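Colleague: In the numbering used here, the protein residues as written are 67 to 390.
Where is the CB? At the ideal position from N, CA and C, for every residue including glycine.
This one's a predicted model, so the numbers in the text were calculated from it and none came from an experiment.
#1: Helix, strand or coil: how does DSSP classify residue 185 here?
#2: Would you report the Cα separation of residue 67 and residue 245, rounded to the nearest angstrom?
#3: Does the Cβ of residue 388 have 16 or more other Cβ atoms within 10 Å, making it buried, or fewer, making it exposed?
#4: Do you know how far the Cα of residue 282 is from the Cα of residue 276?
#5: Taking 6 Å as the limit between beta carbons, can you name the residues of its chain near residue 168, skipping five residues before and five after?
#6: Taking contact to mean at least 3 C-beta pairs separated by less than 8 Å, is the segment 335–354 in contact with the segment 316–323?
#7: So what does DSSP say about residue 159, is it helix, strand or coil?
#8: Between residue 239 and residue 308, is the Cβ-Cβ spacing less than 8 Å?
#9: Does DSSP put residue 143 in a helix, a strand or coil?
#10: Leaving out the 5 sequence neighbours to the left and right, which residues in its chain are closer than 7 Å to residue 69 when beta-carbon positions are compared?
#11: How big is the Cα-Cα spacing for residue 193 and residue 209?
#12: Along the chain, where does the beta strand (DSSP E) that runs through residue 93 open and close?
#13: Work out the CA separation of residue 269 and residue 359 for me, nearest whole Å.
#14: Measure the C-alpha to C-alpha separation of residue 128 and residue 176 and round it to an integer number of angstroms.
#15: Here's a check: name, in chain order, each residue in its chain whose Cβ is nearer than 7 Å to the Cβ of residue 221, leaving out the five neighbours to either side.
#16: Assign residue 135 to buried or exposed, taking buried as 16 or more other Cβ atoms, counted over all protein chains shown, within 10 Å of its Cβ.
#17: Between 201, 149, 141 and 216, which has its C-alpha nearest residue 323's C-alpha?
#18: How long is the line joining the alpha carbons of residue 82 and residue 145, rounded to whole angstroms?
#19: DSSP state of residue 376, grouped into three classes?
#20: Three Cβ pairs or more, each shorter than 8 Å: is that satisfied between the segment 329–336 and the segment 292–312?
#21: Take the Cβ of residue 306 as the centre, count every other Cβ of all protein chains shown within 10 Å, and call the residue buried at 16 or more, exposed below.
#22: Roughly how many angstroms lie between the CA atoms of residue 213 and residue 260, to the nearest whole one?
#23: Just the C-alpha distance for residue 386 and residue 149, rounded to the nearest angstrom, thanks.
#24: List in chain order: all unbroken beta strand (DSSP E) runs of 3+ residues lying wholly within the segment 297–344.
#25: Alpha carbons only, please: which of 383, 371, 126 and 365 is nearest the one belonging to residue 203?
#26: From the DSSP output, which residues share a beta bridge with residue 79?
#27: Once you ignore the five residues that flank residue 256 on each side, which residues in its own chain have a CB closer than 6 Å to its CB?
#28: May I have a chain-ordered list of the alpha helix (DSSP H) segments no shorter than 4 residues that lie completely inside the segment 175–241?
#29: Residue 251 by DSSP, collapsed to three states: which one?
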């Protein structure tokens, strides 16, 4: 599959206007050259999590293939948006100042407006009425807000390890002061990635070279970061956790979402526990249909691990299945 993937796929990058002056949003696009205009059932929008942008989470071609490439090779027109402050999108001017100089940037409600701008652009570009959204982690908050407000534009909704209500502290919030942005040391993330994984399974889960390839791509998404090997991430997601997910104040109502819903989770996830997934799944009680896939031997970063094909296959089968 990976020998001719690059020949078969079109790889495009767009910059589009947001709803805010001087803020542009980056869209990555992957699609097959031999497939004509996409439909509502074959158009996808991906939205990233709290820390790493879309390219880092969805388009690192470990072992020759990335999640975006797999989806595109399966016949989908795949788009991925970076919310403001992430990846190739405009970084608010506050991100050039010390982190304690401004309020937390890009909380989920702001990112949901950026997702709305991206969806509006793609619907117009493809001449379609709806598309499916695939969201990861904090991106599930963003997608949930959007789907509740703009359900008529959602064909299907896929949430990979989405944040939800928690009665216990969450790993992303260490109790640090809320700040405009955070400095992330990319190499140090390996330890967090493998937390909860039995030591004798580290190499099997994350084969040699995969983390290094991911780290190289990830650091390249923020060439203006002050220190080598780091990226900046907006602080709004931490505020979301503290003021909503740890405070029993959901950012959206799953019961208001009527599109088909797929939840994907892995057993060693240290950021989203299985009890959180169970509570969330029960609340999607008005979805046209709903499914929850639990994958053994994976972490919060399941889309970048050796067991990723279980997630890929589940997502593709769901997206190609019935809409009602």
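Modeller: Concretely, from the data shown:
#1: helix
#2: Confidence at residue 67 is low in this model, with a pLDDT of 47, below 50, so its placement is unreliable and the value that follows should be read with caution. For residue 67 and residue 245, the distance between alpha carbons rounds to 44 Å.
#3: exposed
#4: 10 Å
#5: 160 and 246
#6: yes
#7: helix
#8: yes
#9: strand
#10: Note that residue 69 scores a pLDDT of 46, beneath 50, so its modelled location is shaky; the value from the coordinates is reported in the next line. Taken in chain order, the list of residues that qualify is empty.
#11: 21 Å
#12: 90–98
#13: 24 Å
#14: 32 Å
#15: 106, 107, 196, 197, 198, 325 and 389
#16: buried
#17: 216
#18: 13 Å
#19: helix
#20: no
#21: buried
#22: 32 Å
#23: 27 Å
#24: 327–332
#25: 365
#26: 94
#27: 277
#28: 204–215
#29: strand
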